[in-house]
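One structure is given here, and the rest of the page talks about it.
Numbering (this note's numbering), first residue to last: 84 to 1014.
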């Protein structure tokens, strides 16, 4: 897809002029002049580097008070919002233009993908089989990388609509002038409102933020995705015209269910999340039903209505009498409207029953027992409508049916996640309070498995005869009981998987199953067959755990009781792979290799034991946390590792980037689905003939890269002191973007105490982007004698090609000149010089290695659109970085002085933390995929 950068710049410039007017009007010309001085000065510095001129700009920044710096930062931050919005809108227009030219479509579109399927001789029956096994599950998480308020997101959504009109109307038209005024007014509001939160969000706020994307885009996008693939199927596979599409897409969430490291997520917040989910989707169904009631106005005096419609109305006779007590003849000749009124009341009653936690006896009379009952009613109407009005039968009515099939009453399946040692502590507590059980802590791994299996084999629900349980144990048992209650109330799909973080032993899966037994979530029948209402998914995160999969999985699969359990779960074992911690642990290149190898290992074990697997990819926004193109990443998975199903986390700024607007959401979902479709077909996933040689060379790259990475991060004394001083990692906690603490423990951060997100976020803000590339240069240099083979790998092996492409993109966002400026914040000069020398050396090796591998003289030479986007961003990123450095100095001086005499430093009346927080927000918006 070709981008006309002149057109894009013109659009960004127009929105920028509105922003300039707003700033001038609300804060005065002086602020605008300051902004322009910095912007133009740093642009000139990029074009013609000059140390004296740069120092003048730095001194100018130091002379500004906190209030002025706040205004400058806010202007850059909002500019990034506007520029990102313009880019998104422009790309959407490009896709629309391609769609209008029926012979063209973009890579990853349904039309292009199905055409490629036809070209690869995938027959209609095979295509139907591929779609039948297809399952694409994005899972929303609340990991703290999204620094944008919901108020700001709503304003940007309005702005997206207004700017779309500006781009497509004649400039001399009244409508254009109106759109221009609305755009200017919205940008005025954007400047007038606060773009950062004034308090740390509660879990409630995070749940609401997740729900925002359903209301803003997904409720509209989901039916469009089904409609688009159906249109492509009819066009390219006309033999499947009458094939009813299955619900191949569903959504998950961790928000309110992820308790790993977050003490604020309890069984009460999990219950709150489920009720909020149900309320959101059931209220939306009510909106759709009212629209349908206005549409389906067919009279039985004019058209023939199927008898099932009247029979269904008759079956709801008592409800019918109550609903139409004001006029029993209302909609007397309009049976669709009459039945829709009854359905509407039943949906309302369903929501009332759920929100009352099952206690509203009046609502219980009318509530649907499950989504299938609602679907049956809608299908009865559709079947009848289709006999005389295909347009309406295949319109909104079909869209709602597909939405109900996708979202049910639960909206998104809530996964539960907890760290493995937590369950071990709870089991140990339960054992300690039972006189007939041993000391769990002293048992070997084999003994633990034996005891847990023995207890799981016992019939009935286990009982606890003590009140001496710890608070941790009580909370865990309360959670299990809540899950059981909510599944009965809302539906069997209310919860997804129980994810066990840091899984390193087979007993940890059995521990969770035993805890489920206390709530009846796990049962054993008279034949000794175990079943569980929630699948248990081990999460392998560290390099060590990824390497040990071939020991852990067989250990649990060799347990006959567990194997029997899988047979009750479609013989499918879900396994989650963690990108974040493996990358933080061993570096980006060994993480990529171990994740690749882990998938092959899982596939081999699954084949040996005759089971299926569903891989759950824990990807973040940044490349070091698995970010990048979802379509390419999925399509480049190792051959045979996807069996039609994939789960993938969507979090932080990625959620906004993908799901803020309907058209973008449709595009992103389409790309994920087609990537999965391709990865599941042997016609697309073809093993390169030289794959063993490629893999052997990548293994060597991984070893060399890991050695270099660990030399810096594990074996360099003072490294984490440097990191805490030379990056804003400590100050990230000031930014109110997540309920979960950024550190596992207080004090100087280390690899084990730091969470993966702030680890990446800190390096990104300081323009090192170190986790995304460090070690790659040394790795490439170590196999320089095999450069011809590496180039062949890049041409012939999608996995390697995607990996290198992502590394290049993230590496280009690093800037050693700015990183050097941040490094001056490190007080130990010797430590600073030692670490910066290592970083700069590796940076130079990486730059030369990438350019040589890609046969280019400059980075992104083959990705001109991305290069152009990064180039114009630098004009605003550079001053923001130098402002942040100044603010970090002020904040740390203030803290130091406060420690000595409780004094303060005078940089104006505004506390330095205010503009500092905003600088983090601005850089996140400008750099994108920061965490």
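Don't be surprised by glycine CBs; every beta carbon is placed ideally from N, CA and C.
Can you tell me which of the three DSSP states residue i falls into?
i	result
residue 661	strand
residue 655	strand
residue 408	coil
residue 200	helix
residue 866	coil
residue 989	In this prediction, residue 989 has a pLDDT of 45, which is less than 50 and means its spatial position is unreliable; nothing more can be read from the coordinates.
residue 834	coil
residue 857	coil
residue 1051	Outside the shown range of the chain (84 to 1014) lies residue 1051, about which nothing can therefore be said.
residue 898	coil
residue 332	strand
residue 628	helix
residue 241	helix
residue 905	helix
residue 153	helix
residue 699	strand
residue 218	strand
What number of angstroms, rounded off, separates the C-alpha of residue i from the C-alpha of residue j?
i	j	result
residue 598	residue 293	29 Å
residue 566	residue 110	52 Å
residue 705	residue 644	Model confidence at residue 705 stands at a pLDDT of 44, short of 50, so the residue's coordinates are unreliable; what they give is reported in the following sentence. Answer to the nearest angstrom: the Cα atoms are 40 Å apart.
residue 82	residue 752	What is shown of the chain runs 84 to 1014, which leaves residue 82 out entirely.
residue 472	residue 383	13 Å
residue 129	residue 958	8 Å
residue 271	residue 805	41 Å
residue 872	residue 769	19 Å
residue 401	residue 289	41 Å
residue 69	residue 141	Since the first residue shown for the chain is 84 and the last is 1014, residue 69 is missing from the structure and cannot be characterised.
residue 928	residue 852	15 Å
residue 379	residue 468	8 Å
residue 990	residue 114	Confidence at residue 990 is low in this model, with a pLDDT of 46, below 50, so the placement of that residue should be treated as unreliable; the coordinate-derived value is given next. In a straight line, the C-alpha of residue 990 is about 17 Å away from that of residue 114.
residue 248	residue 715	32 Å
residue 541	residue 607	8 Å
residue 251	residue 166	18 Å
residue 880	residue 782	14 Å
residue 321	residue 301	28 Å
residue 587	residue 678	16 Å
residue 801	residue 917	10 Å
residue 571	residue 207	39 Å
residue 690	residue 656	12 Å
Using a Cβ-Cβ cut-off of 7 Å (strictly less than) and excluding sequence neighbours within five positions of residue i, which residues of its own chain qualify?
i	result
residue 432	446, 449 and 450
residue 681	623, 629, 632 and 660
residue 648	613, 614 and 615
residue 365	430, 433, 434 and 492
residue 675	886
residue 500	337, 340, 341, 342, 343, 582 and 584
Who are the Cβ neighbours of residue i in its own chain at under 8 Å, not counting the five residues just before and after it?
i	result
residue 997	149 and 153
residue 411	404
residue 688	632, 633, 636, 637 and 640
residue 191	714, 753, 754, 757 and 758
residue 877	883, 884, 887, 936 and 937
Following a CB-centred definition, is residue i positioned closer than 7 Å to any heavy atom of the ligand MN?
i	result
residue 515	This structure lacks the ligand MN, and indeed carries no ligand of any kind.
Could you round the C-beta distance between residue i and residue j to whole angstroms and report it? I think they count as a contact, below 8 Å.
i	j	result
residue 788	residue 673	6 Å
residue 299	residue 743	6 Å
residue 422	residue 395	6 Å
residue 79	residue 155	For the chain, the structure presents residues 84 to 1014; residue 79 sits outside this window and is missing.
residue 935	residue 875	No, residue 935 and residue 875 are not in contact; Cβ-Cβ is about 14 Å, not under 8 Å.
residue 304	residue 749	5 Å
residue 276	residue 172	Contact flag wrong, Cβ pair sits at about 21 Å.
residue 925	residue 861	6 Å
Excluding five sequence neighbours on each side, which residues of the same chain lie with their C-beta closer than 6 Å to the C-beta of residue i?
i	result
residue 668	625 and 626
residue 376	420 and 423
List, from N- to C-terminal side, the alpha helix (DSSP H) runs of 4 residues or more that fit wholly inside the stretch 483-548. 503-515 and 528-540
Identify every run of the beta strand (DSSP E) within the stretch 701-780, keeping only runs that are complete inside it and at least 3 residues long; order them along the chain. 728-734
Every unbroken alpha helix (DSSP H) within the stretch 264-299, with a cutoff of 4 residues, ordered by chain: 286-296
Would you mind listing the alpha helix (DSSP H) stretches within the stretch 333-382 that are 4+ residues and don't spill past its ends, in chain order? 350-378
Counting only runs of 3+ residues fully inside the stretch 560-612, write out the beta strand (DSSP E) ranges in chain order. 578-584 and 605-607
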